[in-house]
Amino acid sequence: MNDFEILHNLSMGQYKPGNTVIHNLNPALKIMALLVLMGMVFFSPLIPQMPLLFFLLVIFARLARLKLRFLLKGVRPVLPFLLLIALIQMFLIPRFYQTEALLHFYSWELHPEDLLFTGKLFGRFFCLFLLFTLFTSVTTVSEISHGAEILFRPLGRKKGLSHDLSLVITITFRFIPILAMEAEHITKAQASRGGSFGTWKMGLIKKMRLYIPLVIPLFVAALERAEILVEAMEARCYEPGKERSRLAEYPWTVGDTRALVFLILGFLLLLLSRFLISIGGSNVRF
């Protein structure tokens with residue numbers, strides 16, 4: 004991977020236009036499906052369920068006519084940080100062990116429970132990353148804003164509250180490619196001043212140490228972008244808490260109803276699997 008092509012290698016937040024079944028679903032239904040699938044990823048009690056979730060996401064990607072390579076290419080930039088978290092989980096987090104240690108290294112011990120927990124961590128992160136990438140690839144930012152506003156309407160009686168909450172979510176998704184572009188600019192600036200970015204013969208630890216100094220400039224750039232956004236909104240006389248009309252409407256269709264039925268069935272199956280495992284008295288939590 005080229006260190007200077009951060010925005011090119013970022014798949015999350017990049018919308019891929021299309022006229023598929025997944026693209027044409029109601030935005031509110033897409034957000035509900037995202038939340039349900041997130042619950043399935045977080046509350047899956049066993050590792051064998053992770054491949055099933057991955058297979059389900061692959062089916063959705065095929066229905067949306069998205070290549071699996073496009074969904075996976077964004078994993079590599081965050082893989083070093085994930086490996087660091089996995090090492091911390093394996094060696095530094097105390098747990099209750101029921102088996103003997105597989106490996107001894109000074110005062111550290113590696114047990115099968117550590118490997119299982121790390122495998123579950125990798126599986127959940129992997130499925131969550133694919134899920135968010137798939138969601139942002141088939142849903143525009145305006146659709147996310149519209150769907151979030153519909154879902155937030157029952158939460159408050161104040162006029163415009165749902166719009167303000169959806170605006171926060173919209174700005175969050177807007178900042179994903181912006182931060183990637185800023186990180187790319189900072190990386191090129193550091194390399195022009197003698198930084199080692201773009202060097203292939205470099206270990207994982209050295210590459211992680213190389214990226215740590217980018218955090219503060221990236222944070223400052225994000226604050227500057229946020230300040231520009233606030234000034235632009237004030238220049239356009241934006242007032243929070245006001246109801247607003249929309250240029251495009253997204254009506255509910257028969258296909259949305261069918262997808263909602265499948266979504267409810269999937270949620271009920273998740274609850275049923277949790278209930279059956281608890282009734283069975285299984286002590287395996289991985």
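Residue numbers (my numbering): 4 to 289. Note that beta-carbon positions come from the ideal geometry of N, C-alpha and C, so glycine has one too.
It is roughly 8 Å from the alpha-carbon of Ile147 to the alpha-carbon of Ser169. Spanning the alpha carbons of Gly42 and Asn29 requires a straight line of approximately 20 Å. Restricting attention to Trp255, Leu273, Leu271, the CA atom closest to the CA of Asn27 is found in Trp255. Judged by DSSP in its simplified three-state form, Leu113 adopts strand.
No Cβ-Cβ contact shorter than 7 Å links Ala251 with Leu32. Listed in chain order, the non-local C-beta contacts of Ile189 below 8 Å within the same chain comprise Leu217, Pro220, Leu221, Ala224, local neighbours out to five positions each way being set aside. Annotation: Arg249 to Thr136 spans about 26 Å, alpha carbon to alpha carbon.
Scanning its chain for C-beta atoms nearer than 6 Å, with the 5 sequence neighbours on each side dropped, one finds around Leu37 the residues Phe138, in chain order. Boundaries for Ile215: no alpha helix (DSSP H) harbours it, and the DSSP string shows neither H nor E there.
Ala151 and Leu113 have their C-alpha atoms some 44 Å from each other. Ranked by how close their Cα comes to the Cα of Val24, the residues Ile34, Ser145, Arg68 have Arg68 in first place.
Look at Ser145 here: in three-state DSSP terms it is helix. The residue among Tyr214, Ile215, Phe178 with its C-alpha nearest the C-alpha of Glu227 is Phe178. Measuring C-alpha to C-alpha distances from Val171 to each of Ala229, Ser195, Tyr214, Phe125 identifies Ala229 as the nearest. The alpha carbon of Ser14 has as its nearest neighbour, out of Val61, Asp167, Glu103, Phe132, the alpha carbon of Phe132.
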